Amino acid sequence: MALSTTDVKILALLQSDARMTNQSVADSIGLSASPCWRKIRKLEEDEVIQGYRAVINRRKIGLAVMVFVRVTIDSHNESEAKKFEEEVAALEDVVACYSIGGDADFLLQVVARDLDSYADFAMSVVRRLPGIKEMQSMFVLKEIKPLVSYPIKKQLSPK
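Residue numbers (this note's numbering): -15 to 143.
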């Protein structure tokens, strides 16, 4: 989907502060409130904007450990992979899961209170997921640049 310059400005503002009022967004981009509201609504309807969330400091809520887990599954047939995906999607401690190329099939992002909690989760939950052949845990030592927003400026249309 090609984005207009106005769309990009709106998205940049809302990514930096989703609590901005429509009037504040409109004032910031030099648009009146009504057309601004329509543009935001269209971005929501087109699912460019999929929701609004608070960014939470995981450590402040007791989640001191972050781990990326590379998972290889036994079978690559569609039903087995789908079953694995469904079970992973239901796990609260798995905050993200990606199907990947390369020498592993999936990459899970997991958070835990501490190393013991992660070890319990890895051994009693992850290892027991359907079709797991191999898993490798990679512990985050320091978050250099966590995901906060997406780059959107390169997606401009000629409008």
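Glycine is no exception: its CB is placed at the ideal position from the N, C-alpha and C atoms. On a predicted model such as this, the values are computed, not experimentally measured, just so you know.
What is the C-beta distance between residue i and residue j, in whole angstroms, given that I count them as a contact (C-beta under 8 angstroms)?
i, j, result
"residue 102", "residue 109", "Not a contact, Cβ separation roughly 10 angstroms."
"residue 52", "residue 91", "6 angstroms"
Is residue i helix, strand or coil by DSSP?
i, result
"residue 128", "coil"
"residue 57", "strand"
"residue -15", "coil"
"residue 34", "coil"
"residue 74", "coil"
"residue 99", "helix"
"residue 91", "strand"
"residue 109", "coil"
"residue -8", "helix"
By Cβ distance, which residues of its chain are closer than 6 angstroms to residue i, with the 5 residues on each side in sequence left out?
i, result
"residue 114", "67 and 68"
"residue 143", "Note that residue 143 scores 46 on pLDDT, short of 50, meaning its location in the model is unreliable and no value can be drawn from it."
"residue 80", "93"
"residue 118", "56"
"residue 36", "2"
"residue 107", "none"
For the alpha helix (DSSP H) that contains residue i, what are its first and last residues?
i, result
"residue 12", "6 to 13"
"residue 25", "17 to 29"
Excluding sequence positions up to five away, which residues of its chain have a Cβ less than 8 angstroms from the Cβ of residue i?
i, result
"residue 13", "-10, -7, -6, -3 and 20"
"residue 17", "6, 7 and 10"
"residue 58", "64, 115, 116 and 117"
"residue 33", "-5, -2, 24 and 27"
"residue 83", "65, 69, 89 and 90"
Excluding the five sequence neighbours on either side, which residues of its own chain have a C-beta within less than 7 angstroms of the C-beta of residue i, listed in chain order?
i, result
"residue 77", "94, 95, 96 and 105"
"residue 99", "49"
"residue 85", "none"
"residue 71", "113 and 114"
"residue 47", "95, 96 and 97"
Give the range of the beta strand (DSSP E) segment to which residue i is assigned.
i, result
"residue 79", "78 to 83"
"residue 117", "116 to 123"
Report whether the distance from the Cβ of residue i to the nearest heavy atom of the ligand SAH is below 7 angstroms.
i, result
"residue 0", "What this structure holds is no ligand at all, so the ligand SAH is not there to describe."
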